[in-house]
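Comments concern the structure below.
There are 2 protein chains.
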Amino acid sequence: MTTSAVDTRHLAINTIRTLSMDAVQKANSGHPGTPMALAPVAYCLWNDHLNYDPEHPGWPGRDRFVLSCGHASMLLYSVLHLAGVKNSDGSPAVSMEDIKNFRQFGSPCAGHPEHGEAAGIETTTGPLGQGIANSVGMAISGKWMSGRYDFEDCDFDVYALCSDGDVMEGVGMEAASLAGHLKLDNLCWIYDDNQITIEGRTDLAFSEDVAARFESMGWSALTVEDANDLDAIDRAISQFKENKSQPTIIVLNSIIGYGAPNKQDTASAHGSPLGEDEIQLAKQSYDWSNEKFTVPPGVMELFEENLGRRGSAAYEKWQSNWAEFAAGNPASANDLQSIFDRRLPDDWESVLPEFPADPKGMATRVSSGKVLNAVAGKIGWMIGGSADLAGSNKSLIEDADAGHFSADHFAGRNFHFGIREHAMASICNGMALSGIRSYAATFAVFTDYMRPAMRLSGLMHQPVLYILTHDSIGLGEDGPTHQPVEHLASCRAIPNLLVMRPADANEVSQCYGVAIGQNKRPAAMFLTRQNVPTFDRSKLGDPRGTRQGGYILLDTDGNPDVILMGTGSEVEICLQAAMTLSDEGIRARVVSMPCFELFEEQSADYRESVLPSSVVARVAVEAGIEMGWLRFLGSHGRFVGMTGFGASAPSEELYEHFGITAENVCRAAREQVAASRN
Amino acid sequence: MTTSAVDTRHLAINTIRTLSMDAVQKANSGHPGTPMALAPVAYCLWNDHLNYDPEHPGWPGRDRFVLSCGHASMLLYSVLHLAGVKNSDGSPAVSMEDIKNFRQFGSPCAGHPEHGEAAGIETTTGPLGQGIANSVGMAISGKWMSGRYDFEDCDFDVYALCSDGDVMEGVGMEAASLAGHLKLDNLCWIYDDNQITIEGRTDLAFSEDVAARFESMGWSALTVEDANDLDAIDRAISQFKENKSQPTIIVLNSIIGYGAPNKQDTASAHGSPLGEDEIQLAKQSYDWSNEKFTVPPGVMELFEENLGRRGSAAYEKWQSNWAEFAAGNPASANDLQSIFDRRLPDDWESVLPEFPADPKGMATRVSSGKVLNAVAGKIGWMIGGSADLAGSNKSLIEDADAGHFSADHFAGRNFHFGIREHAMASICNGMALSGIRSYAATFAVFTDYMRPAMRLSGLMHQPVLYILTHDSIGLGEDGPTHQPVEHLASCRAIPNLLVMRPADANEVSQCYGVAIGQNKRPAAMFLTRQNVPTFDRSKLGDPRGTRQGGYILLDTDGNPDVILMGTGSEVEICLQAAMTLSDEGIRARVVSMPCFELFEEQSADYRESVLPSSVVARVAVEAGIEMGWLRFLGSHGRFVGMTGFGASAPSEELYEHFGITAENVCRAAREQVAASRN
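These protein sequence lines are chains A and B, in that order.
Those letters in the first sequence? Residues 2 to 679, per this note's numbering, in order.
Those letters in the second sequence? Residues 2 to 679, per this note's numbering, in order.
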């Protein structure tokens, strides 16, 4: 390499550093230290290794770059800018103006990288551990697409930069354990071992041997002694690429805030602007001018010559391989193209089962299993699994060809996620980001374990399906630790998440119709352990009403005296109560309300037709807490449900004990009707 | 040992097995396989090692036994029965009748062990990973009490039996990492390596080298090849006791459902009754009679002779050491006795600061730091820390004598929990279970990371204090990943948790007054990053109204036309709006509502006096979602707040953008008043 080329490399690296420092300073908030430390590895990765075409950042065969330490967002924005990554309309993903507006309203350069704000932001990061766990899902996607469809050009590499926090967080450890088990050799984590956390030196709280820990989990662990040693970094990345049986972690010894003489290697370089004086000194140490937001000549050209040229050639090569593959394998290519385009087969809904009336019925987890299998039969890229509860969750794709995903069989559609709910959800996010339709199953109470990842499904608009069984005290003997009481409410609180609780098998089918049809929203489906009847719809409302979120299941002749409403297993209680009330001459309408969010999206007219404001006598029944129901109950309505934790006993006894019975609904209804007549 | 003694040992072990099988069968639900596998180690631990007096199971110096694999609850119940553990009234903690009522309503033998249901259940387990993480908190408690007060008899040992799930769950890994870092040599985990999970063989999802992983984290790892080899178990436990510098994990190779010829070593022995036929065969293999619920002669006597005699002597010795210590160290003894009795100093509330009015004010996280320090000055056993955000959370006890808890200084009161929110909360539960007043601090958005443990604080009635700063979009530039929007609602959903959001420094002081005064409830305090004024109370309601959960902060002459209510940083907006409205001739009452749960506990009269039902014009303001507010707003009220995720920008711009402004409150109030006059 010529001296001038070497010089330009350092120029490029220092450009990343100075842009990051300047942007944080201008915003007067942010994290300068990590971009300054990691500029060399980011440079080396992007310029010399990444299979990435800045002109086509959506190219499905691209290598993925995840900045798991999302607080170092200026590192990513600087690189996206210098690499000339383009939005689909040809505009720069990150312009200099955007960088100058770092952390300001409307800038794609948010405090933490937000997926969707600019091309090149592969996933939203910031909550620690999530990015690396997502990266496992991305690596799985590459393995699965190439394994399932025998198109090896989908076996892209996934790189994640991560911090102490990422490797300390449980979700990151769970994901690492699974990645090692699955021998994901397309996955490379680069661990920024800077010895500094917010509270001080990492050894205040963290003294384990990280390399040994990863090795115990089946990873290859490499060390780079000096984060500024480009050759060593290059060698380590090359070693990763040569390893065809393990994921790799590169432990990179870095100095946070490198170059800032008074702040480097201290926590004070982490989360605040350096200050003008210190920036000036740092720039001196880089032999840099004092100007702000400078990109010296040659820097963008260097990226263009290396990353750009290499990426463009790879992109072209991929396109021609793809054309050839598609010609020879039209069915597989059609599936893959659907994944790339996030399309579903036109007629996929035709497979949604209709269930005959059956008073004995079946648990909604059972009908969910049937519907899941019907849908999975049509959508070959619907894949997922359970956190070790597949049998209980009825989440297995049973088709003989489906198989299990393993290190020996990347074509499998069923995943054994292990007892790792949090990583499961985060991995499903990573899979969804590749266009795959992923689902995650566990007991409803364990939504608590994976909530940070569920929130990110919503924030990133990823249509992950959460299959949540054993959805109330109806699970019985396992007791309060396993009985969701507040989980419907707390999931309904998550923005942009559809929470569904179908009442019978046909509502389950319709819920799948809605959930799978989503392209921008995750869905959480709450399902019973215990049997519920499949309603005789000849006498009741059409289950397609489910799609409006709430609908009249049983109506009265003339205006109702009272409205009974519920979800899931408690709708049957409403129906029983309505019959008793009818015998007493009280006209009770029954409304099934499987999805609050969808109901709220309906027209005011529709909502009024289901819940006429003139009928103030209302009773809602749900084996959970009341939170969230008042909007349908109004001030005068009554709620029949839980007020605290459950207990360990057979299901029927618990319903009786906690008073979630038709008798109590009738009593509440009578009082409501009497009050409304006064 | 005589042959008959050896025989009785096996008799005891098989009694544990058969009681467990019989109870699960009778309940027709439960987990027989693990008790059958682990009966020998449980026997050996209790009979030969545990420092535990069945007559005094509340003795503070006792060794702790945690059944982290809570689904194996019958193992614990069988042992508590056979060991003759007594409730404080002298009745058996677990009677044979209780065992026969396993998993039935009212039996202390719940599906999973529930702390408080019977003496000897040290913590509630079932959600995997929680028990072992609690055990780290318990081990810390022992180290801390002995280190802080120089009474080494408090340095008890803590044993936890754990399963694949426990060691796969992230929270367990986080806790293990911290335990290794802290060199907790009083902590012993026994890992039931049975190679079976619910979905099949563990190697479907889990192939790491567990011993090596723990060694990488600073643990001593021992292996017992055969779970039925009592001598090997004994040797391993003895080795743990001799290790004075590391926690120990004993990897125990066991056979799930040991003795059941057709089900042992398969997943079918895990979570369902064995069936009468298989039970009969298993009993044959143990050389057992076919009777149900049998305790052969000699078994309880064996526990009495070993555990009982040893425990009673240890208890007596401890009492005499304690008397001697107390005589020489009355102040320390008084502190320790307060911990044991869960008492606070009588006059502790006298230290709650009063803050002078200050229009500039301070962030509530800052006033929280001041109040925390005042309280910690009075309550020496209030200890805790942050998940690497102490500076931001203002959660440091600053007293020069407080120090940091570390392997070299077990007397320290400040904890560096590392970037491990989930383990932090679970460890705080373990500390609270020892009577220590523990607190856990992080950003409010990360409550999602520790929610399963927060739920268990509520379920176990442990008064852990959660200090949650950066409580809204008011944190500004960090953006939507860091901005809690739904977290107030989702925390309010957790039963038995007080959720508090004080509006100014004096409300913070009062909130601490309530939270610390709790003995049976955890509290979650939501605190601002940004400054809020300290209100001039000469013109406003007394901050002691905070203790009613909601109170009139600003009243009107005569009946109010409209009620404005809010929490935290939005109360100031209500006050501003009230002034504007007053200028327009609209009488607006302002209600501060720092704690919904407390307000709901007040008398109907009090609630009516604050929110008179005659005033239907109401506006609530909170920089979060509306969920939970309707109960105070009524059907006609209006909510001003968030409807989805936040954004990255300076705080003031975000409030403006999302319309959480005095102007919007005024507009809503005017409309409300106009509507209510129609």
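No residue lacks a Cβ here, since even glycine has one placed at the ideal position from N, Cα and C.
Small disclaimer: the values here were computed from a predicted structure and weren't measured.
- How would you label residue 361/A, buried or exposed, when you count the other beta carbons within 10 angstroms and need 16 or more for buried? exposed
Item to check | Proximal chain B residues relative to residue 642/A, where beta-carbon distance stays under 7 Å | outcome: Going along chain B, no residue has its Cβ under 7 Å from residue 642/A, so there is no contact; the nearest lies around 12 Å.
Margin query: Considering only their Cβ atoms, is the gap separating residue 526/B from residue 468/B smaller than 8 Å?
Written below: yes
### Query
DSSP beta-bridge partners for residue 621/A?
566/A and 640/A
Report task. With 9 Å as the C-beta to C-beta threshold (strictly closer), list the residues of the stretch 587-607 of chain A near chain B in chain order. Result -> none
Practice problem: Just list the beta strand (DSSP E) runs in the stretch 391-465 of chain A, keeping only unbroken ones of 3 residues or longer that don't cross its boundaries, in chain order. | Solution: 415-417 and 438-444
Exercise for review: Output yes if chain A places a C-beta closer than 8 Å to the C-beta of residue 456/B; else output no.
Suggested key: yes
Between which two residues does the beta strand (DSSP E) holding residue 190/B run? 188-194
| said: Measuring only the C-alpha atoms, how far is residue 106/B from residue 621/A? | reply: 26 Å
Problem - Every unbroken alpha helix (DSSP H) within the stretch 478-528 of chain A, with a cutoff of 4 residues, ordered by chain - result: 488-493 and 506-518
Point to revise | Bridge partners - residue 132/B, DSSP secondary structure assignment | key: Answer is none; residue 132/B lacks a bridge partner.
Exercise for review: Could you tell me which chain B residues have their CB closer than 8 Å to the CB of residue 497/A, listed as they occur along the chain?
Suggested key: 645 and 646
Query - Partners in chain B for residue 105/A, counting only beta-carbon separations shorter than 9 Å - result: 478, 649, 650, 651 and 654
**Residue-level contact to chain A via CB, residue 1/B, 8 Å cutoff** = No answer is possible for residue 1/B: the residues shown for chain B start at 2 and end at 679.
Here's the rule I'm using: 16 or more other beta-carbon atoms within 10 Å means buried, otherwise exposed. How should residue 29/B be labelled? exposed
Below-8 Å beta-carbon distance, residue 401/A vs any chain B residue = no
Exercise. Taking the alpha helix (DSSP H) that residue 36/B falls in, what are its first and last residues?
Worked result: 34-45
*With burial defined as no fewer than 16 other Cβ atoms inside 10 Å of the residue's Cβ, what is the status of residue 130/B: buried or exposed?*
buried
**Asked** When the cut-off is 8 Å and only beta carbons count, does residue 543/A lie next to chain B?
**Response** no
Which word fits residue 26/B, buried or exposed, when buried means at least 16 other C-beta atoms lie within 10 angstroms of its C-beta? buried
### Message
Checking 8 Å against the spacing of the C-beta atoms, do residue 135/A and residue 435/A come in under that value?
### Response
no
Pick helix, strand or coil for residue 359/A, following the three-state DSSP scheme. strand
Cut-off 6 Å between Cβ atoms - residues of its own chain near residue 183/A, not counting five sequence neighbours on either side | 408
*Cβ distance (whole Å) where residue 476/A is taken to contact residue 199/B below 8 Å*: Their Cβ separation, rounded to whole angstroms, is 15 Å, which puts residue 476/A and residue 199/B out of contact at 8 Å.
Where does residue 2/A sit, in a helix, a strand or coil, going by DSSP?
Because the pLDDT of residue 2/A is 49, which lies under 50, any placement of that residue in the model is unreliable, and the number read from its coordinates should be weighed accordingly. Three-state result, residue 2/A: coil.
ask   = Rounded to whole angstroms, how far is the Cβ of residue 186/A from the Cβ of residue 244/A, which I believe are closer than 8 Å?
value = 6 Å
- Kindly indicate the opening and closing residues of the beta strand (DSSP E) around residue 593/B. 589-593
To the nearest angstrom, report how far apart residue 117/A and residue 460/A are at their CA atoms.
10 Å
Does any residue of chain A have a CB that is nearer than 8 Å to the CB of residue 612/B? no
TODO: Report yes or no: is there a C-beta of chain B within less than 8 Å of the C-beta of residue 453/A?
DONE: yes
Check your understanding: What residue ranges within the stretch 178-265 of chain B form continuous beta strand (DSSP E) runs of no fewer than 3 residues, ordered along the chain?
Key -> 188-194, 221-225 and 249-254
- prompt: Which residues of chain A have a Cβ atom closer than 7 Å to the Cβ of residue 471/B, listed in chain order?
  reply: Within chain A, no residue comes near residue 471/B; the closest Cβ sits about 12 Å away, beyond 7 Å.
Proximity to residue 275/A [Cα-Cα], best of 41/A, 33/A and 157/A: 33/A
**Prompt:** Are any of the Cβ atoms in chain A nearer than 8 Å to that of residue 2/B?
**Reply:** Its pLDDT being 49, under 50, residue 2/B is placed unreliably in this model, and the value from its coordinates should be taken loosely. Residue 2/B does not count as touching chain A.
Can you look up residue 138/B in the DSSP assignment and give me helix, strand or coil? helix
From 612/A, 597/A, 15/A and 676/A, pick the residue whose C-alpha is nearest to that of residue 300/A; which is it? 15/A
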